[in-house]
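Those letters in the sequence shown? Residues 250 to 429, by the working numbering.
Note that CB positions come from ideal geometry on N, CA and C, so glycine has one too.
Fair warning: this is a prediction, and the values are worked out from it, not measured in the lab.
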Amino acid sequence: MKGIPHIDPDCSASRAPFWQRVTETIAWCQPRIVPSSPRDCLRTAAFRGRPLEGSFRDCVLSVARARQQDLGPIRLEPARSLAGGRLLVYFPDADLCDGGAEIASQGFFDVYNTPPSGTWVAFVMEPDNANISYAQYLIAWIPPAFLELAAAGVLANPEQCIRWLDERNVSLARFLHQAV
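Structure (structure tokens):
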């Protein structure tokens, strides 16, 4: 259906899988947050993805599966809030890899402007987007402890490949805010 993005996790029947993934992301990140270590605390070798991953989507799916496995068989109620954090959009095809966001965020973003893999929530494809550089994107949950550093990285990013979800006119933002 036009206007509804292709989202991983699959949200064709409801928004619940997206909010479940947000819940898992928050649950995994919260005990690992070390404000003095923005470069490393939410990155782990298990979440790096394979070197020849088929696509950005496959890499995000791989991270989500590894996080679920790491969390184990706990029952999590879907998020009702973002636990004081915010959702960020990263457009990998628009990235210039200039390192500005990495420096401004004290390493929270890497040289490719990518947020830590532990924060990855979903991958979205908007095939109807006329600008191919912004037709697919990653959604990441930014913990409250790193909001200031992430905001500095967003401001230092000239190509606008990292932005806050609530400030971008992307189909996922519209989809999430539609009446249930």
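**Message:** Using only CA atoms, which one of Ala422, Arg264, Pro407, Gly367 lies nearest to Tyr386?
**Reply:** Ala422
**Prompt:** Apart from the five residues on each side of it in sequence, which residues of its chain come closer than 8 Å, Cβ to Cβ, to Ile282?
**Reply:** Cys290, Leu291, Pro392, Ala394, Phe395
**Asked** Bridge partners of Trp369, per DSSP?
**Response** Ala389
**Asked** Shortest alpha-carbon distance to Asp415 belongs to which of Pro407, Ala405, His426?
**Response** His426
**Asked** Rounded C-beta distance between Ala371 and Phe358? I'm assuming under 8 Å.
**Response** No, Ala371 and Phe358 are not in contact; Cβ-Cβ is about 18 Å, not under 8 Å.
**Request:** Under 7 Å Cβ to Cβ from Arg270, same chain only, skipping five residues before and after it: list those, please.
**Result:** The answer, listed in chain order, is Pro258, Ala313, Val370, Ala371.
**Message:** Measuring alpha carbon to alpha carbon, tell me which residue in Phe305, Ala262, Thr293 is nearest Val373.
**Reply:** Phe305
**Prompt:** Which residue's Cα is closest to the Cα of Gly321: Glu273, Thr363, Val419?
**Reply:** Of the candidates Glu273, Thr363, Val419, the one whose C-alpha sits nearest the C-alpha of Gly321 is Glu273.
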